Amino acid sequence: MTDETWQRFADRYNAGPVPWDNTEPPPEVITLVTSLTPGRALDLGCGYGRTTIYLAQYGWLVDGVDFIPQAIAEARQRAAAAGVSEKATFYEASVTELGFLPDRYQLAIDVGCLHALTEPQRWAYQAELTRLLEPGATYLLFARLGARDGEEGPRGIEETAVHTLFAADFALEKSEIGVTHVEDKSWPSGWFWFRRLNN
């Protein structure tokens, strides 16, 4: 992960409340989780752990990964307060370097992490995700759409780039494209439901 990206997120956490600090994960995550049999799950860019904790409360064994120390420290405290520390494990690490995770997962969720990466980092992320997910596993992605190189804030990713990135190893089962409103800003976004191929 670049120093610039790390610093931007560290500053965001240090500045006070972050817009993704909600009690529960998005409805798309809740709907998906209630339709699956609990197993092992991976929460990429877990932040304060809302998705990790929610999954653990439904019986999943979950690993949450984020590269911001403040986020991981708070996530661990929240998991303990929720009584799910035995099922929710948090790692301070880059989502592009997950060699310390040898387990095969049945589910991976990314709510707003991939779109902050550079193109080389996206391919490293894709390689790790492909290695970690077992055939038939579900991958749910939420991303800010549209390239924004040179602008302040998340880079964004073109919808076509999402398809290209995962075409070889994942089947797209569904996508929903819309607009996300955060604080006083709005931007195009998309939810993508993928299935890990048996290859």
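Under my numbering, read the sequence shown as residues 1 to 199, first letter to last. Ideal Cβ positions, reconstructed from N, Cα and C, are used throughout, including at glycine. Because the structure is a prediction, the values reported are computed rather than measured.
Within the same chain, and ignoring the five residues on either side of Phe-166 in sequence, the residues whose Cβ sits closer than 7 Å to its Cβ are Gln-126, Phe-194. The closest CA to that of Phe-90, considering only Leu-61, Leu-117, Lys-185, Arg-131, is found on Leu-61. When beta bridges are read from the DSSP output, Ser-189 appears opposite Arg-144, Gly-178. Leaving aside the five residues that flank Thr-52 on each side, the residues in its chain whose CB is nearer than 6 Å to its CB run, in chain order, Asp-43, Cys-46, Val-62, Gly-64, Ala-88. Secondary structure of Phe-67 (DSSP, three-state): coil.
Nearest C-alpha to Leu-132 among Asp-110, Thr-138, Asp-103: Asp-103.
Counting every other CB atom within 10 Å of its CB across the protein chains shown gives Ser-189 a total of 16 or more, marking it as buried.
For Phe-170, the closest C-alpha among the options Leu-145, Gly-156, Leu-140 is that of Leu-140.
Per DSSP, reduced to three states, the secondary structure at Ala-93 is coil, with no helix or strand assignment. Ile-177 counts as exposed, since fewer than 16 other beta carbons sit within 10 angstroms of its beta carbon. When the five nearest sequence neighbours on each side are left out, the beta carbons in the same chain lying within less than 7 Å of the beta carbon of Lys-174 are those of Trp-193, in order along the chain. Contact between the stretch 32-43 and the stretch 99-113 is established, with three or more Cβ pairs separated by less than 8 Å. Apart from the 5 residues on each side of it in sequence, Glu-92 sits with its Cβ closer than 6 Å to the Cβ of Pro-69, Ile-72 in its chain, given in chain order.
Straight-line spacing of the CA atoms in Leu-117 and Gly-83 works out to 33 Å. Rounded to whole angstroms, the Cβ separation of Trp-191 and Thr-180 is 10 Å, and the two are not in contact under 8 Å.
Glu-24 places its beta carbon less than 9 Å from that of Arg-50.
Annotated three-state conformation of Phe-166 is helix, per DSSP. The three-state reading of DSSP puts Thr-160 in helix, counting H, G and I together.
According to the DSSP assignment, Val-111 belongs to the beta strand (DSSP E) that extends over 105-111.
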